Amino acid sequence: MTQRIAALFVVGGGFVVQGLLTITGIISARLLGVEGRGELALVVALSAMAAQLTLGGSLPNALTARLAARGLTTRGGVGHLVRPWTVLAVAVALPFGVLFAVLHGEVGDPGVWWLGAAVVALALLNMGYRLVLAGLLGEGAPMPRIALATLLPQTLVTFVVAGMFVVVDRTTPLVLSAVMIGAFSVGMVVSLGLLAARPADADERLDGPDLWRLTRATYVGSIGPIDGLALDRTLVGAIMGTVALGLYSAAAALASLPGMMGTGIAAVLLPRIAAAQADPARERALVRRWVAGATAVLGALTVVLVLSADWIIVLAFGRAFESAVPVAHWLVAASGLLGLRRVLVAVLQGRDRGAVASRIELALTPVLVVAIVLAARADAVEAVGVAMLVTAVASVTALTVALRLTSPTRRRDVSRAGVAA
């Protein structure tokens, strides 16, 4: 399949997934109200943070790069690592369920702890799902398979939530959390079935320590704490409360399309960059073509969303969410730049320069956190959006400079990277 067709799959898939997410967000806001929407947003934010900080962060990117460089299947390359990864995933997910109860503030309410359990379950599914998708990308699975694995869970969630909207007027965050858990469980089972079978004569597998070394080196750049940890939503919810978070989440729902599209483009680009390191001229042409295309697509999408944010939010979420419009303008612009940032990070990681992206991200994250805390404590939600945009501009600028200063790795033998017989 050509690169152009692959890009169309990514762009189309990004639109569909984000469209489904937006529809789900609109319906859930109407089923839950502002405060209930805020509670559900905190569940989703903490589960995403748990996955992003642990096995769902830089490990998937490292897995994709190593599988692509060596030409191994996922089952053959990492089958021996599944058991220890599972034990580790459970251990690191549990504290985030407790954190939900602490941030919510009503630790004596059993319902809060059930939502904490939902945080743990969604975090585990999130980690596993990202690793399976990384495996599909790394082993060069056909794009229709990757599209199916990407679209299925959110499609199921949207259809179930839409059905509930027809039948009931109100529901609870716990019920919608259970819907998401069920949908992602089905998606996980289907995605595992899409992985290529291990060749009968295969006796090579990825080296665990080497995989962890690459994971550590690219950790900060891969998790993208600026937007990948939902720090803004978590801090807004913790400092300003679930009502403010409900409004902020409505704005973020609209703004997330460019970011998600950038993430999808980066996911498909990373294995191609990693596999092209032996041919510098081809690699540079690949980078120019994909970065230019991503910039054009994300730029056009961002402009359209900024210009239409006012009426979309009021029409979709209702007058109760009208206060989310100002912050949406800032968040949409920030999301467009942060989506491009994901593409630039993928190029650096494919060149084995992921540590450079990590240092840039590490330098900017504390500044963003301080800015968000100050804005939230001043009860200024719009200022949180401004902080996100300023940080996005700084990140893209620094990564662009870094990209111009690096070159293809020229590995002596790319195919032998990170392999243990």
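All residue numbers for the sequence shown refer to my numbering, where the first residue is 858 and numbers rise by one. All C-beta atoms in this analysis are idealised placements derived from N, C-alpha and C, irrespective of residue type, glycine included. Computed from a prediction, not measured in an experiment: that's the story for all the values here.
A residue is called buried once 16 or more other Cβ atoms fall within 10 Å of its Cβ, and Ser1034 is buried on that count. Following the DSSP letters along the chain, one finds Ile1038 inside the alpha helix (DSSP H) bounded by residues 1030–1051.
Closest in alpha carbon position to Val977, among Pro1030, Ala946, Asp966, Pro999, is Ala946.
Nearest C-alpha to Ala922 among Arg1070, Leu1013, Met1097, Val1018: Arg1070. Here DSSP, grouped into helix, strand and coil, assigns Arg1027 to coil. In this structure Gly1039 is not in contact with Leu899, their Cβ atoms being roughly 20 angstroms apart against a cut-off of 8 angstroms. The C-beta distance from Arg1198 to Phe1022 rounds to 35 angstroms, too long to meet the 8 angstroms contact threshold.
Its Cα nearest to that of Leu1111, the residue Val1160 stands out among Val1253, Val1160, Gly1020, Arg1141.
In the structure shown, Arg1062 falls within a strand segment according to DSSP collapsed to helix, strand and coil. By the neighbour-count criterion, in which 16 or more other beta carbons inside 10 Å mark a residue as buried, Asp966 falls on the exposed side. The segment 1114–1131 makes no contact with the segment 1175–1182, as fewer than three CB pairs between them are under 8 angstroms. Selection Thr881, Met1245, Arg987 evaluated against Gly1121 yields Arg987 as nearest (Cα-Cα). Excluding the 5 residues flanking it on each side, Gly893 has same chain C-beta neighbours closer than 6 angstroms at Pro1030, in chain order. Note that the C-beta distance between Ala1108 and Val1018 is not below 9 angstroms. Here DSSP, grouped into helix, strand and coil, assigns Ile1217 to helix.
Apart from the 5 residues on each side of it in sequence, Val1025 sits with its Cβ closer than 8 angstroms to the Cβ of Leu888 in its chain, given in chain order. A Cβ-Cβ distance of about 7 angstroms is found for the pair Glu896 and Leu972, placing them in contact under the 8 angstroms criterion.
With contact defined as three or more Cβ pairs closer than 8 angstroms, the segment 917–934 and the segment 987–996 are in contact. Using a Cβ distance threshold of 9 angstroms, Thr1248 and Arg1055 do not count as a contacting pair. The C-alpha of Arg932 lies about 7 angstroms from the C-alpha of Ala1053. In terms of Cβ geometry, Ala1133 and Pro1265 form a close pair [threshold 9 angstroms]. In chain order, Gly1119, Ile1122, Leu1197, Val1200 place their CB closer than 7 angstroms to the CB of Ala1151, counting only its own chain and leaving out the 5 sequence neighbours on each side.
Spatial neighbours of Val1014 in its own chain (CB-CB distance under 7 angstroms, excluding positions within 5 residues in sequence) are listed in chain order as Thr881, Val1036, Met1037, Ala1040. Under the three-state reduction of DSSP, Arg1055 is assigned to coil, being neither helix nor strand.
Short of 7 angstroms from the beta carbon of Ile884, and not among the five residues preceding or following it, lie these beta carbons of its own chain, in chain order: Val1018, Ala1019, Phe1022.
Closest by C-alpha distance to Ser1106, out of Glu1179, Ile1080, Leu1143, Asp1136, is Glu1179. Note that the C-beta distance between Leu1126 and Val1213 is not below 9 angstroms. Counting along the chain, no alpha helix (DSSP H) covers Ser1264, and no H or E run does either.
Taking each of Trp970, Val1163, Trp1168 in turn and checking the Cα distance to Val1189, the smallest one comes out for Val1163. For the pair Ile1169 and Leu878, the Cα-to-Cα distance works out to about 14 angstroms. Non-local C-beta neighbours of Ala1232 in its own chain, meaning closer than 7 angstroms and more than five positions away in sequence, comprise Ala1240, Val1241, Ala1244, ordered along the chain. Arg923 sits in a helix when the DSSP states are folded into three classes. Residue Pro1082 holds the alpha-carbon nearest to the alpha-carbon of Thr911 among Arg1234, Pro1082, Ala1228.
Taking the Cβ atoms as the reference, Leu982 lies roughly 11 angstroms from Ser1048, outside the contact range of under 8 angstroms.
Taking 9 angstroms as the cut-off, the beta carbon of Leu1158 is found closer than this to the beta carbon of Gly1193. In this structure, Ile1229 and Asp1089 form a Cβ contact; the two beta carbons are roughly 6 angstroms apart against a cut-off of 8 angstroms.
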